[in-house]
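**Student:** Take this structure, written in structure tokens, and hold onto it; I'll ask about it next.
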Amino acid sequence: MVKSDLKKYAELLIKTGVNLQKGEMLVITAPINAVELVRETTKFAYKMGASNVNVLWNDEVVTKYGYKYRSKKQLSEVPEWIVAQREYFIEKKIAYLVIISDDPENLKGINPEKIATARRASGKALKKFREYTGSNKIRWSIGAYPNKAWAKKMFPNLPSNLAVKKQWEYIAKTVRLDYDNPVKEWENHQKMIENRCKILNEANIKTFTYKNSLGTNLTVGMPDGYLFCGGGEQGSLDGVWFTANLPTEEVFSSPDRKSINGKLYSSMPLCRNGSIIKDFWFEFKDGRIIDFGAKEGYDNLKSIIDTDEGSHYLGEIALVGYNSPIRNLETMFYETLFDENASCHFAIGSCYAGCLKGGTELSTEQLLERGLNDSIEHVDFMVGTKDLSITATTKDGKEFAVFKDGDWVF
């Protein structure tokens, strides 16, 4: 990959992603194969005035060994030092950057119950840190880096070296590194997203109705005081704007968890826990999943839903036009960061507190009272199609089209 692109990407992650401020501590979580990007990002962060850059390295093969050889009891225990570390990050008001580079099938063959056990334990132990990031009390961002296994999954007919090269070209294109000034281009892109948020937030919407030829016929209620967000987000403690996902094309909010009824069909496979879930669907009554199915990956899907009570409900509603730049690449990434930005989607599990007026100041119990959801899970799945229609109904009974033929009306 081109060195100049790495430098531009590092600048984008620091300026547009976490928007690092002078004197702040930066924590980077990254896989060992992303060392080139981490070095460039660390260098740029220090040039921007970071007080300290702390890198938490990980390796997915080591992670797989942990799932394979440890018992369920061992996987249910989270070391106290990990919890203390996250508490320290909260205390120091860090900026938090995550670099992902996963083999979509790394955990294939691992007992899903073991993975679910570890995820539940981690979710409970690190709940406070998750709530801080979810309510934007910590500025955070996610970027990606290519690897051979992931690239071969995306481009199976190419030799490994060419697959990695093409994967990097696609990643670079989705985050607008092909522009002379990606940071400036992101400012322009975010203005367009923010304008759509403004229209939806001023419309006083009561429900959305989704319909398409797959069989989706779903009504989604919105809570009083809902907020659609997208593009950039504002730190709830310091007021500094940041971009949580690079790339992002979505306009998203949190629905009223108990006001969702009907059937909802997935439009893209979901890569989860090392296996693929295909052609799946859900049926909702008063917000709760009362039935579901999948042609492939049923047990994996069931383990997601059975995580806790909150994973039986939805925590996110997100709108993405069918003709988004990522969709137009006509390639599935097998990674939610990208695939969710190619399609309208929902998420099983936790809400975003920032998607409710005053929500970042509320406790979990208060958010539940206002209609939002809580769970240790948050799993995005795609539902957008070329013929998807979405109609909004306002509180005074007026209807207007939001999506027609899979894309934005405005």
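For the sequence shown, position 260 (counting from the first letter as 1) is numbered 267 according to the numbering used here, and the numbering increases by one without interruption. The beta-carbon is built from N, C-alpha and C at its ideal position, and this holds for glycine as well. No experiment lies behind these values; they were computed from the predicted model shown.
1. What is the DSSP secondary structure of D298, counted as helix, strand or coil?
2. Can the beta-carbon of G304 be found closer than 8 Å to that of N113?
3. Here's the rule I'm using: 16 or more other beta-carbon atoms within 10 Å means buried, otherwise exposed. How should T250 be labelled?
4. Report the residue ranges of all alpha helix (DSSP H) runs contained in full by the region 339–394; include only those spanning at least 4 residues, in chain order.
5. In whole angstroms, what is the alpha-carbon distance linking K159 and S167?
6. Considering only the alpha carbon of each residue, which of G239, K173 and A170 lies closest to I200?
7. Need the endpoints of the alpha helix (DSSP H) that R5 sits in, please.
8. The alpha helix (DSSP H) with E201 in it runs from where to where?
9. Ordered along the chain, which non-local residues of its own chain (more than five positions away) have a Cβ less than 6 Å from that of N335?
10. Less than 8 Å separating the beta-carbons of F417 and I212?
11. Does the structure place the region 290–300 close enough to the region 315–332 that three or more beta carbon pairs sit under 8 Å?
12. Tell me whether the beta-carbon of L363 lies closer than 8 Å to the beta-carbon of Y233.
13. If you pair each beta-carbon of the region 269–288 with each one of the region 367–380, do three or more pairs fall below 8 Å?
14. Indicate the three-state DSSP secondary structure (helix, strand or coil) for Y272 in the structure shown.
15. Can you give the beta carbon distance from V258 to R183, rounded, assuming they're within the 8 Å contact cut?
16. Which same chain residues end up closer than 7 Å to I122 when comparing Cβ atoms and leaving out the 5 residues on each side of it in sequence?
17. May I ask you to verify whether the region 8–16 touches the region 43–56, counting CB pairs closer than 8 Å and requiring at least 3?
18. For G366, which of Q241, P86, Y186 and G328 has the nearest alpha-carbon?
19. Between G246 and A151, what straight-line distance do the alpha-carbon atoms span, to the nearest angstrom?
20. Between the Cα of Y53 and the Cα atoms of I21, D403 and A37, which residue gives the shortest distance?
21. Alpha carbons only, please: which of V105, S129 and M55 is nearest the one belonging to E87?
22. Pop quiz: E31 and A57 are said to be a contact at Cβ under 8 Å. What is the actual Cβ separation, rounded to whole angstroms?
23. Output needed for A210: all residues of its chain with C-beta closer than 8 Å, excluding positions within five of it in sequence on either side, in chain order.
24. What residue range does the beta strand (DSSP E) around M32 cover?
25. Could you name the residues of the same chain whose beta carbon sits closer than 6 Å to that of P230, not counting the 5 residues immediately before and after it, in chain order?
26. Using 8 Å as the threshold, is the C-beta distance between L33 and K144 below it?
27. Please determine, among N224, L326, P38 and T371, the residue with the shortest C-alpha to C-alpha distance to F388.
28. Please state whether DSSP places L184 in a helix, a strand or coil.
29. CA-CA distance, V25 and W248?
30. Could you pull the start and end residues of the beta strand (DSSP E) that T398 belongs to?
31. What are the partner residues of E421, as DSSP defines its beta bridges?
32. Considering just the uninterrupted stretch of the beta strand (DSSP E) at S83, what are its terminal residues?
33. What do you get for V68, buried or exposed, if any count of 16 or more other CB atoms within 10 angstroms of its CB means buried?
34. Cβ of T3 within 8 Å of Cβ of P254?
35. Over the uninterrupted beta strand (DSSP E) stretch that includes S7, give me the two end residues.
**Tutor:** Answer, in terms of the structure:
1. In the sequence shown, counting from the first residue as 1, residue 298 sits at position 291. Strand, per DSSP.
2. Sequence index remark: in the sequence shown, residue 304 carries index 297 (1-based). Sequence index remark: in the sequence shown, residue 113 carries index 106 (1-based). Not a contact, by the Cβ cut-off of 8 Å.
3. On the sequence shown, position 243 is the one that residue 250 refers to. Answer is buried; the Cβ neighbour count reaches 16.
4. 343–346 and 371–376
5. The residue you call residue 159 lines up with position 152 of the sequence shown. The residue you call residue 167 lines up with position 160 of the sequence shown. Each residue's alpha carbon lies about 6 Å from the other.
6. Residue numbering aside, residue 200 sits at position 193 when the sequence shown is read from its first letter. For the residues G239, K173 and A170, the minimum Cα distance to I200 belongs to G239.
7. Past the boundaries of the shown model lies residue 5; the chain is included only from 8 to 417, so the question cannot be answered.
8. One-based indexing of the sequence shown puts residue 201 at position 194. Unbroken alpha helix (DSSP H) run through E201: P189 to N208.
9. Start at 1 with the first residue of the sequence shown, and residue 335 comes out as number 328. Cβ within range, chain order: n/a, list empty.
10. By one-based count along the sequence shown, residue 417 stands at place 410. By one-based count along the sequence shown, residue 212 stands at place 205. Cβ atoms of F417 and I212: not closer than 8 Å.
11. yes
12. Taking the first residue of the sequence shown as position 1, residue 363 is located at position 356. Taking the first residue of the sequence shown as position 1, residue 233 is located at position 226. Yes, they are a contact pair.
13. no
14. Locating residue 272 in the sequence shown gives position 265, where the first residue counts as 1. Looking at Y272 - three-state DSSP - the assignment turns out to be strand.
15. As a working mapping, residue 258 is identified with position 251 in the sequence shown. As a working mapping, residue 183 is identified with position 176 in the sequence shown. Their Cβ separation, rounded to whole angstroms, is 18 Å, which puts V258 and R183 out of contact at 8 Å.
16. Here residue 122 corresponds to residue number 115 of the sequence shown, with the count starting at 1. Excluding residues within five positions, the ones whose Cβ falls inside 7 Å are Y74, L114 and N280.
17. Three or more beta-carbon pairs separated by less than 8 Å link the region 8–16 to the region 43–56, which places the two stretches in contact.
18. As a first step, residue 366 is located in the sequence shown; it is residue number 359 there, counting from the start. Across the set Q241, P86, Y186 and G328, the C-alpha of Q241 shows the shortest separation from the C-alpha of G366.
19. Locating residue 246 in the sequence shown gives position 239, counting from the first residue. Locating residue 151 in the sequence shown gives position 144, counting from the first residue. One C-alpha to the other measures close to 26 Å.
20. Stepping through the sequence shown from its first residue, residue 53 is reached at position 46. For the residues I21, D403 and A37, the minimum Cα distance to Y53 belongs to I21.
21. Taking the sequence shown and counting its residues from 1, one reaches residue 87 at position 80. It is S129 whose Cα lies nearest to the Cα of E87.
22. Indexing the sequence shown from 1 puts residue 31 at position 24. Indexing the sequence shown from 1 puts residue 57 at position 50. The Cβ separation is near 6 Å, so the contact holds.
23. In the sequence shown, the residue the question calls residue 210 occupies position 203. If we look at A210 and ignore the five residues flanking it on each side, its Cβ neighbours are A399, T401 and F407.
24. Along the sequence shown, read from residue 1 onward, the residue named residue 32 stands at position 25. Counting along the chain, the beta strand (DSSP E) containing M32 begins and ends at M32 to P38.
25. Taking the first residue of the sequence shown as 1, we reach residue 230 at position 223. These residues qualify, in order along the chain: D263, R377 and G378.
26. Counting from one through the sequence shown, the residue named residue 33 turns up at place 26. Counting from one through the sequence shown, the residue named residue 144 turns up at place 137. No.
27. As a working note, residue 388 is residue 381 in the sequence shown. Nearest option by C-alpha distance: L326.
28. Taking the first residue of the sequence shown as position 1, residue 184 is located at position 177. Coil at L184, not helix or strand.
29. As a first step, residue 25 must be located in the sequence shown, where it is residue number 18. As a first step, residue 248 must be located in the sequence shown, where it is residue number 241. The alpha-carbon atoms of V25 and W248 are separated by roughly 8 Å.
30. For the purposes of this step, residue 398 is taken as the residue at position 391 of the sequence shown. Going by DSSP, T398 is part of the beta strand (DSSP E) stretching over S396 to T401.
31. Any answer about residue 421 is impossible in this case: the structure gives the chain only from 8 up to 417.
32. Looking up residue 83 in the sequence shown gives position 76. Looking at the DSSP string, S83 is not in any beta strand (DSSP E), and its letter there is neither H nor E.
33. Position 61 of the sequence shown, counted from the start, is the residue given in the question as residue 68. V68 comes out exposed.
34. Examination of residue 3 is not possible in this model, given that the chain is present from 8 through 417 alone.
35. Residue 7 lies beyond the residue range present for the chain, which begins at 8 and ends at 417; the question has no answer from this structure.
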